[in-house]
Amino acid sequence: MPTLIQTAAQASARGVRARARRNRRLRPVRPSRADELWYKAALLAVTGELKARAQRELLPLLQSLEPLYRPAADSITAHDRASTPGPAAQIIRTRVQALRQQFGIEGAAQRLAQAATARAAQSTDARLADSVRRSIGIDIGGFLTRNTAMQQVMDAATRANIGLIKSLPEQYFDTIAERLTAGIDAGLRYEDLAGQLQSLGDVTDHRAKLIARDQTSKMNGAMTMLRQTSLGISRYVWQTAEDERVRTEHAALDGQEFEWDTPPATGNPGEPVNCRCVAVPVLDLDDSGGDGEDGGDDGSSGLTLGGAVNTGLAAAAIGRYFGEWASAYDGFNPDQPRDEHGKWTEAGGASLSAAAKSVKPGCALVKHPAGSFDAKDVAKATGHQLDGYRAIADTHAMQHTLKKHGTAHEASRGQKQITPDDFGRLPSILSTSEENISAIGKTVIGRDAIGFDKQMDGWNFRAVMEVRTGRKELALVSLYTIGKAKK
Ligand SMILES: [Zn+2]
């Protein structure tokens, strides 16, 4: 049976002339930049309101409570101190929780997500129709109706985006509560906390931009996959953005042909977070079918395909692009090394575990490379300029950590008892995303400390690293968990 696109081509004079041509490539359907900018502006309006409200409600309170802050002590972080928050911290926590509950976003999230999805559908269809028209001169616009399959993809996209929009205030207030109470109990001053509130606002803006950019691309990818496969365009050629930010694995796919059904390990273009690659549709107009069903009547029945729907195609597109949307933006780093299956690997982890196993009191100070971190993310999250710094973990820090957080006592307070193997997680923890990096005060000898947080195996791990400016080192101070991961 001819595919819909072959049927359409047969019905058009110019299409018939083009018919004999196989493997014709069309212009790829790129995510709409205008849609992305519209979505970004809408989400930044939400985060702007969030920040304004937090500043208005919390800054005066923080200032008036300053006499009640815990005095600075010789401890590294709030975590290493008494585990019950002090009175000022408790007041702030309660206030932030109230703000979180008062911030009504349900209705706005729904409207915004629906509008973003409708825009994406319109742009994707218009661009696909345009691409086909330019290539073979036929207009498929009439076939691209909002059928059940398309509606299913749009519903999935809307649901995913409602969740992401709602996560903006949730994550913002949760992080504020955690950072401010920790800061108050770590003996920071009002000015420090006001600065932290400011930088957490920047982090939220950054997340909003990431959502706008990546979801615009995800919706385009899912809808393109659905539309092309239902038209009978089963193959595409991978095309990268062809600049220096393209991931190595994706650069290797550039120019190769794939079936929508059987993509490479990394997924179809636009499927991995922040992927800017596109699919160049391959058009096969030569219907060499001749299987007896290729009669005139079948031609017209093929034309109804746009209305009668293969819902399996929609399910495949939804699963690929919106399956794990919720966690996709946590711990993302495009530069992190991956194995041949596209899974993130933890370079150097094994040697760190081995080193930690050999530490004992009084052992020699040996420095081990602890992985890499993104200096740009650190700068954005903390203001520290660490270009050219290397991350290390020395044997004394490992020993301190195991002594402090590697005992049964740690487990009795609901935290993970840190083992030598946990040091193998450092490369992965250091490559966490920008929103999980934060300035967390000073170390005993007055060096700036930076926290790198990452959820792994059900725990919230935190690596505390200190900035050693002279030696250009970002060195491990402590490794512990801050409770269990929420999911
Ligand atoms: Zn890519």
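When you number the sequence shown by the numbering used here, it's gap-free, plus one each residue, and the end is 506.
Note that the Cβ used here is the ideal one computed from N, Cα and C, for glycine as well.
- Nearest to residue 418 by alpha-carbon distance, out of 393, 498, 169 and 468, is 498.
- Cβ atoms of residue 493 and residue 410 come within 8 Å of each other, at about 5 Å.
- In chain order, 171 place their CB closer than 8 Å to the CB of residue 334, counting only its own chain and leaving out the 5 sequence neighbours on each side.
- According to the DSSP assignment, residue 495 belongs to the beta strand (DSSP E) that extends over 492-503.
- The three-state secondary structure of residue 444, taken from DSSP, is helix.
- When DSSP reads this structure, residue 479 sits in a beta bridge with 474.
- Rounded to whole angstroms, residue 471 and residue 48 show a C-alpha spacing of 38 Å.
- The set of residues with CB atoms less than 7 Å from any heavy atom of ligand 1 reads, in chain order, 259, 265, 266, 269, 288, 291, 294, 295 and 296.
- The DSSP-derived three-state label of residue 80 is helix.
- Pairing residue 124 with residue 195 gives a Cβ-Cβ distance that is not under 8 Å.
- Secondary-structure assignment with DSSP links residue 277 through a beta bridge to 255.
- Taking the Cα positions, residue 454 is about 15 Å away from residue 199.
- Beta-bridge analysis with DSSP links residue 300 to 255.
- Residue state for residue 456 is assigned as strand, using DSSP reduced to three classes.
- As computed with DSSP, residue 467 is found in a beta bridge with 461.
- For the pair residue 421 and residue 486, the CB atoms are not nearer than the 8 Å cut-off.
- DSSP places residue 386 within a strand segment (E or B) once states are collapsed to three.
- In terms of Cβ geometry, residue 469 and residue 401 form a close pair [threshold 8 Å].
- Residue 484 is bridged by DSSP to 469 and 495.
- Between residue 460 and residue 227, the beta carbon gap of about 27 Å keeps them out of contact (Cβ cut-off 8 Å).
- In the DSSP assignment, the residues bridged to residue 413 are 386.
- Residue 405 sits close to residue 394, with the two beta carbons spaced by under 8 Å.
- Rounded to whole angstroms, residue 87 and residue 268 show a C-alpha spacing of 53 Å.
- The closest CA to that of residue 137, considering only 232, 105 and 58, is found on 58.
- If only complete runs of 4 or more residues are kept, the segment 102-145 shows the alpha helix (DSSP H) at 106-121, in order along the chain.
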